[in-house]
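Numbered by this note's numbering, the letters in the sequence shown go through residues 2 to 277 in order. Don't be surprised by glycine CBs; every beta carbon is placed ideally from N, CA and C.
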Amino acid sequence: MASSGQTGRRVGKTMTMTGDAPGIACVPTGYGQSRDAEGIMQPRRWAPVLVLAAALVASAGAVHAQERAGIVAWPPEADAMAMREAPREEGAVVAWTTLDPPALVDTLRRGGLVMLVRHGQAAGNDRDPAPWRITGDRRAQSNLTSAGKAQARLIGVGLRTLGVPVTKVVASPYYRARDFAEIAFRTKPVIAADLGPENPGQIDAYRRYLDTPPVGGNLVVVGHLLAPTTAQISQLSELADGHAAIYLPDGKGGKTLIALIAPADWARLIEAVPGG
C-alpha cells in the first residue's frame with residue numbers, strides 16, 4: 002500500500018483510507034491480524050481484493066465526488082494491469098465499500114445495479130474446453146465442490162433475507178457457473194451467448210448489455226474469466242471464489258463501483274441492518 006501513497010487509521014473493525022483514495026473503507030481479512038509460525042499475533046497484509054480496488058481508483062486518477070455521498074468512481078480507463086500484478090493472499094476474505102451497511106443495503110434494494118459473481122469453489126478438470134466447444138459432458142469440466150455450493154447458498158440467503166431484487170440471472174456456459182446460479186438464485190440462468198472466434202461481434206454486444214442499467218431490480222452475472230468480454234470490469238477474473246463485485250452503470254460506458262462482497266459478508270450485512 003505504501004507505493005500508492007495511502008495511509009490509514011483503524012476504526013473498529015474497518016480501516017478508513019486516506020491519501021490517494023480518500024474515504025475508502027474496508028474490512029480486513031482476520032481483522033488485520035494473524036498468527037506467525039511461532040504462534041505470535043502479527044499484522045496481516047491487506048487482502049488482494051482491497052489492493053485491486055485501490056489500484057483501480059489510484060491508477061485511474063479519477064476519485065471524485067458523486068451524487069451519492071461516499072461512492073468512488075470506477076471509470077472505463079481503469080488500469081487492469083495494476084490489478085493483475087497486485088500481491089495475493091491465499092484464502093483472503095474482505096468486504097470493500099464506501100457505504101455503511103444500512104446505506105449499502107438500501108442501495109442494493111433500489112436496484113439498477115449489476116452484480117458480477119465469481120462462481121464458488123470448483124475442482125476437477127483443470128483444462129476446460131473453450132466456451133464455444135462445450136458439450137453436455139460434465140466430466141470435461143471443473144465442477145462445484147460442496148464448499149462451492151455452500152458459498153452459493155450464502156449469497157442466495159443473504160439477498161433474499163435483505164430483500165434485494167434480482168430481475169435476471171446470466172451465467173457462463175460452464176457447469177460450475179450455471180450450477181452456482183441455480184443454487185444461489187433458485188432459477189435457471191440465461192446462458193451467455195457463445196463467445197468465440199466465430200462470434201466476435203458478441204463481445205461488443207455483451208459489453209453494451211453490461212453497460213445498461215437494469216430496470217426493476219438488479220442484474221446478476223455469474224462467471225469466472227470474463228475479462229476478455231468485459232474489458233473495464235476485468236477484475237471479475239481476480240475475485241476469489243463466491244465473491245461479488247457490484248457496480249452502477251451509467252448507460253454510457255461509465256461505472257461506479259459500489260462494493261466487493263465475500264460470501265460470508267452477506268450474513269454480516271443481515272446482522273448489521275435492523276430487521277434484515
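DSSP three-state assignment for Y248, whether helix, strand or coil: Position 247 of the sequence shown, counted from the start, is the residue given in the question as residue 248. Strand, per DSSP.
Quick check on the DSSP output: the beta strand (DSSP E) that includes L220 runs from which residue to which? Here residue 220 corresponds to residue number 219 of the sequence shown, with the count starting at 1. Taken as a continuous stretch (DSSP letters only), the beta strand (DSSP E) holding L220 covers N219 to G224.
Apply the 10 Å Cβ neighbour rule to N119 and answer buried if 16 or more other Cβ atoms are within range, or exposed otherwise. Position 118 of the sequence shown, counted from the first residue, corresponds to residue 119. The sequence shown places Arg at residue 119, not Asn. Looking at its Cβ environment, which holds 16 or more other Cβ atoms inside 10 Å, R119 is buried.
The alpha helix (DSSP H) that contains G157, what's its start and end? Numbered from 1 along the sequence shown, position 156 holds the residue referred to as residue 157. Where G157 is concerned, the enclosing alpha helix (DSSP H) stretches over S147 to L163.
Please state the DSSP three-state secondary structure of T213. Along the sequence shown, read from residue 1 onward, the residue named residue 213 stands at position 212. In the structure shown, T213 sits in coil (DSSP, three-state: anything other than H, G, I, E or B).
Would G294 and A153 qualify as a contact pair, given that the criterion is a beta-carbon distance under 8 Å? Look at the range of the chain in this structure, 2 to 277, and you will see that residue 294 is not part of it.
Contact between the segment 148-167 and the segment 244-264: three or more CB pairs below 8 Å? Contact holds between the segment 148-167 and the segment 244-264, because three or more Cβ pairs, one in each stretch, are under 8 Å apart.
Once DSSP output is grouped into helix, strand and coil, what is the label at A123? The residue you call residue 123 lines up with position 122 of the sequence shown. Here A123 sits in strand by DSSP.
Name, in chain order, the residues that DSSP records as bridge partners for V171. To locate residue 171, count along the sequence shown from 1; it is residue 170. The partner list for V171 (beta bridge, DSSP) reads V191 and V222.
Please say whether T213 and G255 have beta carbons closer to each other than 8 Å? For the purposes of this step, residue 255 is taken as residue 254 along the sequence shown, with counting starting at 1. For the purposes of this step, residue 213 is taken as residue 212 along the sequence shown, with counting starting at 1. Not closer than 8 Å, so no.
Measuring CA to CA, which of V223, N219 and V106 is closest to D242? Against the sequence shown, residue 242 aligns to sequence position 241. Taking only the C-alpha atoms, the option nearest D242 is V223.
CA-CA distance, L258 and R110? Taking the sequence shown and counting its residues from 1, the one referred to as residue 258 is at position 257. Taking the sequence shown and counting its residues from 1, the one referred to as residue 110 is at position 109. Their Cα atoms are separated by approximately 16 Å.
Let me know the secondary structure DSSP gives L117 once reduced to three states. Residue 117 sits at position 116 when you count from the first residue of the sequence shown. Note: L117 maps to strand in three-state DSSP.
Whole-Å CB distance - T168 paired with P215, under 8 Å assumed: Numbered from 1 along the sequence shown, position 167 holds the residue referred to as residue 168. Numbered from 1 along the sequence shown, position 214 holds the residue referred to as residue 215. 6 Å between Cβ atoms; contact.
Which first and last residues belong to the alpha helix (DSSP H) in which L270 is found? Here residue 270 refers to the residue found at position 269 of the sequence shown. Counting along the chain, the alpha helix (DSSP H) containing L270 begins and ends at D266 to A273.
Expressed to the nearest angstrom, what Euclidean distance is found between the alpha-carbon atoms of A159 and L220? The residue given as residue 159 occupies position 158 in the sequence shown. The residue given as residue 220 occupies position 219 in the sequence shown. In the sequence as presented, Ala is not what sits at residue 159; that position holds Gly. Taking the straight line from one Cα to the other gives about 16 Å.
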